[in-house]
Amino acid sequence: MSDLLNLTISEARDSLKAKKFSAKELVAAHVKAIENTRDLNAFCVETSDLALKQAGESDERFAKNEARPLEGIPVAIKDLFCTKGIKSQSGSKILDGFVPPYESTVSQNLLDNGAVFLGKTSMDEFAMGSSNLTAVYGPVKSPWKTNDGKEVVPGGSSGGSSTAVAARIAMGATGTDTGGSIRQPAAFTGIVGFKPTYGRCSRWGMIAFASSLDQAGPMTRSVRDAAIMLQSMASYDTKDMTSAKVAIPDFESALTGDIKGMKVGVPKEYQMDGTPKEIIDLWQQGADMMRDAGAEIVEVSLSTTKYALPCYYIIAPAEASSNLARYDGVRYGLRVCEDGDSLIDMYEKTRAEGFGEEVKRRIMIGTYVLSAGYYDAYYRKAQRVRTLISNDFKAAFEKCDVLLTPTTPSAAFGLNEKIKDPIQMYLNDIFTVPASMAGLPGISVPAGLNSEGLPLGLQLIGRAFDEESVFRVADVLEAQANFTAKPQLVADKQAA
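Listed below in structure tokens is the structure:
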């Protein structure tokens, strides 16, 4: 069974076609693995019966030579995606009991391409967090531990997805990235996380956090798998006004293994005061790997980098305060109301009990910056700076094809280590937020371990709708880094 759990999506795809094992055997192995690792709390909803039923249907398609691109591949779906007939709660008490009567476009695309759904993965409430400690289902644990056995967070907000993929209990998973919520947890758990260009994947059926930033993407154990999975997730969607009507290339074919002549930019502003030496050293090693593979390393400037994080924490909460106004206890989800309560009483009690502390904090920040007298001083100014950030990237890409940066300013931190300090938590996104503000594609590739034995990732950022260049360079970076370390949980099970 462990052999089936260690396959990548590309390996499983080829083996299923060659009939080396059945889809039902592959899925059953993952269902059992999920049951054996429930202490990680990666899944908030398990759909084992559905998965085995879908696997049986996949086997029938294989027998008829009618296999689709992801036929029989077991994947996990972040709880932010609405899934028809399956509870979708976005990690929040206020959506308790909500079962959508429709399927999100991204998850429907995966189903249409033959993917098998193992269940829904936990997440920070409404995708607001960097630790996966704020979900109503309780904290998610990373399958990694420090050398001395300390438990650490899996990152957030897509921490359930990152844990599921790293722990070998899902072959791939959907994530969403607003300010780094795919790339940061991927770096923390030693997997690949890809945020496509804003508009590449439909947001229809995704429970909204910040509408001008939210973007779906794949979380996998290899760059090739990310390309394969994104191929099935991406689409133009008339139901989403921000969906881009652009051609979708063959992402997997971009993995040529050759980056000779390409220019890799290194933004000098990403070397910030206080960044640990091991992060800077890994970044330098990444640049050396690119140079050894035939790329040219060029220094570029992104002068507005220091403004990206404060602008993000104006724009994202502002949009959240607007999006989350719809949760009032009237139509669906939680309702807190006593005899004699007025409608306003019901609103107030429902929202007070239904939202967690971090969500309340961001709603209050967002409401403040949008209020009369402060809109121009904060929100409008942040939007102007956002344009400057985007222009900075455009100027940088006149000198290079992709940018190479660290993914995070540190490795994973201990459970509950930063939960009381929101500023320290927000700083986890310092390297990922700029690309999100500009709507650009970015990937985190595992590239090494820190002194405590925890994964570290390197990030590549590309031009808008040039995911192919990002995949091409990431594939070479992955080969050069040759990251083969496994979480202790996985290593112990395989040794047994």
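Count along the sequence shown from 1, then add 100; that gives the number in the numbering used here. Ideal placement from N, C-alpha and C gives every residue a C-beta, glycine not left out.
In its own chain, which residues sit with a C-beta less than 7 Å from the C-beta of Gly553, not counting the 5 before and 5 after it?
-> In the sequence shown, the residue the question calls residue 553 occupies position 453. Excluding sequence neighbours, Gly553 sits near Thr246 and Asn247.
Following the continuous alpha helix (DSSP H) through Ile415, name the residue where it begins and the one where it ends.
-> For the purposes of this step, residue 415 is identified with residue 315 of the sequence shown, where counting begins at 1. Looking at the DSSP string, the run of the alpha helix (DSSP H) that includes Ile415 is Thr405 to Asn423.
May I have the straight-line CA-CA distance separating Ser222 from Val236, to the nearest angstrom?
-> On the sequence shown, residue 222 is found 122 positions in, with the first residue counted as 1. On the sequence shown, residue 236 is found 136 positions in, with the first residue counted as 1. Taking the straight line joining both Cα atoms gives about 9 Å.
Please state whether DSSP places Pro367 in a helix, a strand or coil.
-> For this step, residue 367 is matched to residue 267 along the sequence shown. Pro367: strand per DSSP, three-state reduction.
Kindly indicate which three-state DSSP category Ala176 falls into: helix, strand or coil?
-> Translated into the one-based positions of the sequence shown, residue 176 becomes position 76. Three-state result, Ala176: strand.
For Val436, I'd like the list of residues in its chain whose CB is within less than 6 Å of its CB, leaving aside the five on either flank, ordered along the chain.
-> Taking the sequence shown and counting its residues from 1, one reaches residue 436 at position 336. Cβ within range, chain order: Lys449, Thr450 and Glu453.
Beta-carbon proximity of Ala176 to Gly219, cut-off 8 Å = Counted from its first residue, the sequence shown places residue 176 at position 76. Counted from its first residue, the sequence shown places residue 219 at position 119. Yes, Cβ-Cβ distance for Ala176 and Gly219 is below 8 Å.
Round the Cβ separation of Lys187 and Ser261 to the nearest angstrom and send it over; I've been treating them as touching at under 8 Å.
-> Position 87 of the sequence shown, counted from the start, is the residue given in the question as residue 187. Position 161 of the sequence shown, counted from the start, is the residue given in the question as residue 261. Actually they do not touch by this definition, with Cβ atoms about 17 Å apart.
For the alpha helix (DSSP H) that Ser158 lies in, which residues bound it at each end?
-> To locate residue 158, count along the sequence shown from 1; it is residue 58. Note, Ser158: alpha helix (DSSP H), Ser148 to Ala163.
Would you check if the stretch 413 to 428 and the stretch 375 to 393 touch, i.e. whether three or more CB-CB distances between them fall below 8 Å?
-> no
Contact the stretch 333 to 352 vs the stretch 118 to 137: 3+ CB pairs below 8 Å | no
List the whole-angstrom C-beta distance separating Thr289 from Ser242, where the pair is believed to meet the contact cut-off of C-beta under 8 Å.
-> On the sequence shown, residue 289 is found 189 positions in, with the first residue counted as 1. On the sequence shown, residue 242 is found 142 positions in, with the first residue counted as 1. Contact holds; Cβ gap of about 6 Å.
Which residue comes first and which comes last in the beta strand (DSSP E) that contains Val400?
-> The count along the sequence shown starts at 1 and reaches residue 400 at position 300. Unbroken beta strand (DSSP E) run through Val400: Glu396 to Val400.
Could you check if Ser258 is buried or exposed, using at least 16 other CB atoms within 10 Å of its CB as the buried criterion?
-> Residue numbering aside, residue 258 sits at position 158 when the sequence shown is read from its first letter. Result: buried.
Delimiting residues of the alpha helix (DSSP H) encompassing Pro285 | Residue 285 sits at position 185 when you count from the first residue of the sequence shown. Per DSSP, Pro285 belongs to the alpha helix (DSSP H) from Arg283 to Thr289.
Report yes if the C-beta distance between Phe198 and Gln189 is below 8 Å; otherwise report no.
-> Indexing the sequence shown from 1 puts residue 198 at position 98. Indexing the sequence shown from 1 puts residue 189 at position 89. Contact flag set, yes.
Looking only at DSSP bridge pairs, what is Ala273 linked to?
-> Position 173 of the sequence shown, counting from 1, holds the residue named residue 273. Answer is Ala176 and Met319, bridged to Ala273.
Do the stretch 494 to 507 and the stretch 567 to 579 make contact, defined as three or more Cβ pairs closer than 8 Å?
-> yes
For Ala326, count neighbouring C-beta atoms within 10 Å of its own C-beta (all shown protein chains included) and say buried if the count is 16 or more, exposed if not.
-> Along the sequence shown, read from residue 1 onward, the residue named residue 326 stands at position 226. Answer is buried; the Cβ neighbour count reaches 16.
Just checking my contact of Gln559 with Thr507 at CB under 8 Å: how many whole Å lie between their CB atoms?
-> Looking up residue 559 in the sequence shown gives position 459. Looking up residue 507 in the sequence shown gives position 407. That pair is a contact at about 4 Å.
To the nearest angstrom, report how far apart Asp521 and Lys494 are at their CA atoms.
-> Mapped onto the sequence shown, residue 521 falls at position 421. Mapped onto the sequence shown, residue 494 falls at position 394. When rounded, the distance between both Cα atoms is 34 Å.
In whole angstroms, what separates the C-alpha of Arg321 from that of Gln284?
-> By one-based count along the sequence shown, residue 321 stands at place 221. By one-based count along the sequence shown, residue 284 stands at place 184. Cα to Cα, Arg321 sits roughly 15 Å from Gln284.
Specify, as a first and last residue, the run of the beta strand (DSSP E) that Lys220 falls within.
-> Stepping through the sequence shown from its first residue, residue 220 is reached at position 120. Looking at the DSSP string, the run of the beta strand (DSSP E) that includes Lys220 is Val216 to Thr221.
Kindly list the residues whose CB is nearer than 8 Å to the CB of Glu251, restricted to its own chain and excluding five residues on each side of it in sequence; keep chain order.
-> In the sequence shown, counting from the first residue as 1, residue 251 sits at position 151. Excluding positions up to five away in sequence, the list reads Lys241, Ser242, Lys245, Gly514 and Leu515.
Residue of Arg113, Asp159 and Gly305 minimising C-alpha distance to Pro200 = Residue 200 sits at position 100 when you count from the first residue of the sequence shown. The option with the nearest alpha carbon to Pro200 is Gly305.
For Leu443, does the count of other Cβ atoms within 10 angstroms reach 16, so buried, or fall short, so exposed?
-> The count along the sequence shown starts at 1 and reaches residue 443 at position 343. Answer is exposed; the Cβ neighbour count stays below 16.
Taking the alpha-carbon positions, what's the Phe294 to Ala163 distance?
-> As a first step, residue 294 is located in the sequence shown; it is residue number 194 there, counting from the start. As a first step, residue 163 is located in the sequence shown; it is residue number 63 there, counting from the start. Roughly 33 Å between the two C-alpha positions.
In chain order, what residues of the same chain lie with their CB nearer than 6 Å to the CB of Thr137, ignoring the 5 residues before and after it?
-> Residue numbering aside, residue 137 sits at position 37 when the sequence shown is read from its first letter. Correct list, in chain order: Ala267 and Ile269.
Span of the beta strand (DSSP E) holding Lys295?
-> For the purposes of this step, residue 295 is taken as residue 195 along the sequence shown, with counting starting at 1. It spans Val292 to Lys295 - the beta strand (DSSP E) in which Lys295 sits, taken as one unbroken run.
Of the residues Leu549, Gly473, Asp566 and Pro296, which one's Cα is nearest the Cα of Lys586?
-> Taking the sequence shown and counting its residues from 1, the one referred to as residue 586 is at position 486. Looking at the Cα atoms, Leu549 is the closest of the given residues.
Coil, strand or helix - Ser544 by DSSP = Residue 544 sits at position 444 when you count from the first residue of the sequence shown. Three-state result, Ser544: strand.
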